[in-house]
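Trainee: Supplied in structure tokens, the structure appears directly below.
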Amino acid sequence: MNPAHLLLENYDGVAVLTLNRPARLNALSRQTLAELDQALIVLERDGNLRAAVLIGAGPKAFAAGADIEELAGLDPRAARQVSAEGQRILRRLEQLPKPVIAAVNGFALGGGCELAMACHLRLAAPHARFGQPEVNLGLIPGYGGTQRLARLVGRGRATELCLTGALLGAEEAHRLGLVNRVVTAWAKDEQGELARDEKGQPVFDREAFLEAALSLAREILAKAPLAVAGCLEAIDRGLDLGLDAGLAVERDLFAACFGTEDMHEGTQAFLEKRPARFSGR
Numbered sequence: 003m004n005p006a007h008l009l010l011e012n013y014d015g016v017a018v019l020t021l022n023r024p025a026r027l028n029a030l031s032r033q034t035l036a037e038l039d040q041a042l043i044v045l046e047r048d049g050n051l052r053a054a055v056l057i058g059a060g061p062k063a064f065a066a067g068a069d070i071e072e073l074a075g076l077d078p079r080a081a082r083q084v085s086a087e088g089q090r091i092l093r094r095l096e097q098l099p100k101p102v103i104a105a106v107n108g109f110a111l112g113g114g115c116e117l118a119m120a121c122h123l124r125l126a127a128p129h130a131r132f133g134q135p136e137v138n139l140g141l142i143p144g145y146g147g148t149q150r151l152a153r154l155v156g157r158g159r160a161t162e163l164c165l166t167g168a169l170l171g172a173e174e175a176h177r178l179g180l181v182n183r184v185v186t187a188w189a190k191d192e193q194g195e196l197a198r199d200e201k202g203q204p205v206f207d208r209e210a211f212l213e214a215a216l217s218l219a220r221e222i223l224a225k226a227p228l229a230v231a232g233c234l235e236a237i238d239r240g241l242d243l244g245l246d247a248g249l250a251v252e253r254d255l256f257a258a259c260f261g262t263e264d265m266h267e268g269t270q271a272f273l274e275k276r277p278a279r280f281s282g283r
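Take any residue in the sequence shown, count from 1 to its spot, add 2: that is its number in our numbering.
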């Protein structure tokens, strides 16, 4: 894979995946999605990578949407194939047994919002903007936006957002439950004061924002890997089931933990009042 549109770096066990088309506001072209698909295969198979952070290159955008130039020439048959492929890749992301954190460092619109929603956790920079504005193009979301948005913020608000194409700021997205945290990450000048650009606006510190996402990933890495995977699976499988069926999923995965070395290590460490040393077995 020639990673022209997506960079993968290993930060001590955390994969940092960078959408790398800043001149196009990291729009999700077919090549970008194909590279993401390959990166997810690497992440799933590489035992040295236990979590991931997904972020956009540059200060303006996480991903500003799908590549409209590619979409404009599609007929209904080709559009169905593009939608199916995008949905498949984002579903692979959502079903990973390792946590993926979306570090939304700017615009997350259309396909970019859909990509963020497929991640397990979402952090937002103060200037991040979220939305499904496809209706302005005569379209509806095609990579899962109508389904995941409703599950995250409720049917009524999701319907309003999809029908109006309205955008949400970071704080409103947090209030609605679309993002887990808003991370204040402003640059400082040499005197330690808030740095401002020529228009007097605060300067975003992308590296500090990325570090906040990495810190959350490291916090999760300190836990038992199989238990983390079990939580992800139980939530993913049980979310769309009735309560009784969801409880059955949880029960089976809970019982499976008792056959792991990590469970015995964790309980013994608790009883001995010492830090646990998990092995992922």
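Beta carbons: idealized from backbone N, C-alpha and C, even for Gly.
#1: Helix, strand or coil for Pro227, going by three-state DSSP, please let me know.
#2: Could you have a look at Thr166 and say whether DSSP puts it in helix, strand or coil?
#3: So who's on the other strand from Gly171, going by DSSP bridges?
#4: Taking Arg124 as part of the beta strand (DSSP E), name the residues at either end of that continuous run.
#5: Determine, using beta-carbon pairs with one atom in the segment 88-106 and one in the segment 208-219, whether at least three such pairs fall under 8 Å.
#6: Given Asn182, which residues of its chain have a CB within under 6 Å of its CB, disregarding the five upstream and five downstream residues?
#7: Among Cys115, Gly113, Leu141, Gly112, which residue has its Cα nearest to the Cα of Asp77?
#8: List the residues that DSSP assigns as beta-bridge partners of Arg198.
#9: Would the beta-carbon of Ala29 fall within 8 Å of that of Ala74?
#10: Ordered along the chain, which non-local residues of its own chain (more than five positions away) have a Cβ less than 8 Å from that of Ala152?
#11: In the DSSP assignment, what are the bridge partners of Ala17?
#12: Quick check on the burial criterion: 16 or more other C-beta atoms within 10 angstroms. Buried or exposed for Ile57?
#13: Got a sec? Which residues, its chain only, sit under 7 Å from Val230 by beta carbon, not counting five neighbours each side?
#14: Does the beta-carbon distance from Gln134 to Gly147 come in below 8 Å?
#15: Please classify Met3 as buried or exposed, where buried requires at least 16 neighbouring CB atoms within 10 angstroms.
#16: Between the segment 44-53 and the segment 16-31, are three or more C-beta pairs nearer than 8 Å?
#17: Following a CB-centred definition, is Asn12 positioned closer than 7 Å to any heavy atom of the ligand MN?
#18: Between the segment 28-48 and the segment 110-122, do three or more beta carbon pairs fall short of 8 Å?
Mentor: Let me lay it out:
#1: Three-state DSSP puts Pro227 in a helix.
#2: Judged by DSSP in its simplified three-state form, Thr166 adopts helix.
#3: Gly171 has Arg131 as its beta-bridge partners, per DSSP.
#4: For Arg124, the enclosing beta strand (DSSP E) has its first and last residue at 123-126.
#5: Yes: at least three Cβ pairs fall under 8 Å.
#6: Leu123, Arg124.
#7: When each option's Cα is compared against that of Asp77, the closest is Leu141.
#8: Arg198 pairs with Pro204.
#9: No, the Cβ-Cβ distance between Ala29 and Ala74 is not below 8 Å.
#10: Annotation for Ala152: Ala160, Thr161 place their beta carbon closer than 8 Å to its own, counting only its chain and skipping 5 residues before and after.
#11: Its beta-bridge partners are Asn12, Ala54.
#12: Counting every other CB atom within 10 Å of its CB across the protein chains shown gives Ile57 a total of 16 or more, marking it as buried.
#13: Closer than 7 Å at the Cβ level, and outside the excluded window around Val230, lie Pro101, Ile222.
#14: The Cβ atoms of Gln134 and Gly147 lie closer than 8 Å to each other.
#15: With a pLDDT of 45 at Met3, under the threshold of 50, the modelled position of this residue cannot be trusted, and the question is left open.
#16: With a cut-off of 8 Å, the segment 16-31 and the segment 44-53 count as touching, because enough Cβ pairs lie within range.
#17: In the structure shown, the ligand MN is absent, as is every other ligand, since no ligand is present at all.
#18: The way I'd put it, the segment 28-48 does touch the segment 110-122; three or more beta-carbon pairs between them come closer than 8 Å.
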